[in-house]
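A quick write-up on the structure given underneath.
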Amino acid sequence: MSEKIILIDDAGWGQLILGVVIGALKPPDPRYMERRIPVSSFQPPNFENKKYLDDAVKIADEIVEVMRPDRETRFKICSGYVLS
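Quick note: the sequence shown uses our numbering, first residue 216, plus one each step.
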């Protein structure tokens with residue numbers, strides 16, 4: 216039996232023009248899930264309150280709900296700040 220895994224990564228943290236995208240993939244399934252943390256979460260007063268981290272947690276919860284991992288599924292998450 217092959218390893219069950221869900222890959223999660225972020226993009227856009229360096230240039231917040233359109234916010235930050237968090238994407239997830241559950242190989243070998245070719246479907247890809249992505250959600251966006253809006254630019255407004257990085258603007259005052261939301262930035263000082265770290266709203267973008269709350270948004271990241273909500274997105275992670277949605278990934279788990281949609282991709283339905285079982286007890287054997289491992290998560291590989293990028294080491295970017297938003298997903299730390």
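Note that CB positions come from ideal geometry on N, CA and C, so glycine has one too.
Every value quoted in this text rests on a predicted model; they were computed, and no experiment measured them.
C-alpha gap between residue i and residue j, whole angstroms
| i | j | result |
| --- | --- | --- |
| L231 | E277 | 22 angstroms |
| E280 | R246 | 15 angstroms |
| P243 | W228 | 27 angstroms |
| R286 | Y267 | 28 angstroms |
| S217 | P284 | 14 angstroms |
| F257 | V272 | 15 angstroms |
Member of the options whose CA lies at the smallest distance from the CA of residue i
| i | options | result |
| --- | --- | --- |
| S294 | S217, K241 and I237 | I237 |
| S255 | D224, R246 and D269 | D269 |
Check whether residue i and residue j have beta carbons under 7 angstroms apart
| i | j | result |
| --- | --- | --- |
| W235 | I252 | Contrary to the premise, residue 235 reads as Val rather than Trp in this sequence. For V235 and I252, yes; Cβs fall inside 7 angstroms. |
| K219 | M282 | no |
| I274 | R250 | yes |
(message) Is it the case that the region 280-292 contacts the region 249-263, given that we only count it when at least three CB pairs across the two stretches are under 8 angstroms?
(response) no
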